[in-house]
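Counting from 1, one number per residue, gives the positions in the sequence shown under UniProt numbering. All residues carry an ideal CB built from backbone N, CA and C; glycine is no exception. Contents: one structure, followed by commentary.
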Amino acid sequence: MNTKRRFICFPEMHSPEGPQGVPAGAVLFDPGIGRPEPEFRYAPEALPLDRQTAGQWLGQATGYAEMFRTPGDMRAFAASSEDFFSGSTMDIASELFAMDAATNGRKAEEGRKAALKAQAVLLLAWVREQRLRELGSLDTGLDSAWEKFDMTVGLDPEDRDELEHIDADDFTALGDVSPYGEDDSWKGVLESMLFFLGTDDVLLVREPNVLAMWGEMGIELAPATPELAAAAQAMGLGDGDSLAMVTCPGYRLAGRTSEPADMPWLAAERTVLVALGD
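Now the structure itself:
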């Protein structure tokens with residue numbers, strides 16, 4: 001259990017505006033990739049992969065040069081979560097287990113496997129979100145976006161030779177797309193994120209699609225407690241925002257009817273603070 005309650009933004013893990021885009025007192029979840037920014041990103045100590053290893057694995061696992069053969073392939077990748085939270089995730093998770101075993105000289109125990117799998121899903125979701133956001137702001141140029149990404153995960157320029165023909169005009173329709181606004185990819189993010197969060201932590205949710213799907217699941221919001229309302233006001237969320245909360249087991253928030261046998265951490269009660277502009 002945490003000694004300090006944290007307010008974790010969910011499901012987003014990026015802020016295009018930097019720390020200015022994160023409510024004061026809240027943090028983004030950091031799955032262990034890129035430059036540490038502890039002032040507004042929280043990287044749990046329990047993450048099994050260090051940043052260098054995570055970047056190396058991520059660059060290998062996603063296989064960008066092969067996946068993005070055409071602009072259409074890139075659009076499909078950015079607009080869909082299917083490849084991230086289905087069979088391919090399990091395949092590359094197996095590769096991750098093998099890499100970890102080679103590094104540590106032993107087979108990973110089940111607890112470490114669960115941690116590795118959770119971090120893997122979050123790393124992939126982090127990349128998907130980054131690509132959607134960068135594709136939505138291509139006025140800065142596709143080349144600069146790729147250069148920034150390459151520096152993050154350590155890809156070599158020659159790994160992208162097949163991408164030189166991509167026309168930025170093909171992606172202008174993605175400008176206003178929310179990374180989690182059209183599908184349920186946030187469910188996999190939630191299950192993995194909860195592995196690393198304490199039961200005292202609070203999820204700060206501002207994504208309408210997540211709230212709409214919770215409503216369809218029968219998850220009812222209630223007025224925020226005075227404590228949470230005060231915390232929201234301290235974060236600048238009190239004026240012009242609708243504040244609500246819900247506390248229920250993690251598996252319910254993820255859309256499940258019961259606790260999965262291989263995800264015991266989802267049985268714990270979790271608190272969500274909802275802040276939506278009127």
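Non-local C-beta neighbours of Met245 in its own chain, meaning closer than 8 Å and more than five positions away in sequence, comprise Leu221, Ala222, Pro223, Ala224, Thr225, Leu228, Thr271, Val272, Leu273 and Val274, ordered along the chain. Within the stretch 189-237, the complete alpha helix (DSSP H) segments of 4 residues or longer fall at 208-216 and 226-234, listed in chain order. Straight-line spacing of the CA atoms in Cys248 and Glu269 works out to 5 Å. For Ala26, no alpha helix (DSSP H) encloses it; the enclosing beta strand (DSSP E) starts and ends at Ala26 to Phe29.
In the DSSP assignment, Ala115 falls within the unbroken alpha helix (DSSP H) covering Glu110 to Leu135. When DSSP states are grouped into helix, strand and coil, Ala275 belongs to the strand group. DSSP lists Pro223 and Val274 as the bridge partner or partners of Ala244. As computed with DSSP, Phe7 is found in a beta bridge with Ala26 and Val202. Residue pairing by DSSP leaves Tyr251 without any beta bridge partner. Distance from the CA atom of Ala230 to the CA atom of Asp200, rounded to whole angstroms, is 16 Å. Going by beta carbons, Pro179 and Glu12 fall inside the 8 Å limit. Here Asp50 is exposed: its Cβ has fewer than 16 other Cβ atoms, across all protein chains shown, within 10 Å. The beta carbons of Phe10 and Met235 sit no closer together than 8 Å. Listed in chain order, the non-local C-beta contacts of Gly21 below 8 Å within the same chain comprise Ser15, local neighbours out to five positions each way being set aside. Taking C-beta atoms as the reference points, Ile33 and Leu123 count as a pair closer than 8 Å. Contact check for Ile8 against Phe40 fails: the beta carbons are separated by 8 Å or more. Secondary structure of Arg41 (DSSP, three-state): strand. Considering only Leu135, Gly218, Glu129 and Ala98, the residue with the shortest C-alpha distance to Lys117 is Ala98. For Glu269, the beta-bridge partners assigned by DSSP are Pro249. DSSP, read as helix, strand or coil, puts Arg35 in coil.
Arg5 has its alpha-carbon roughly 25 Å from the corresponding atom of Gly255.
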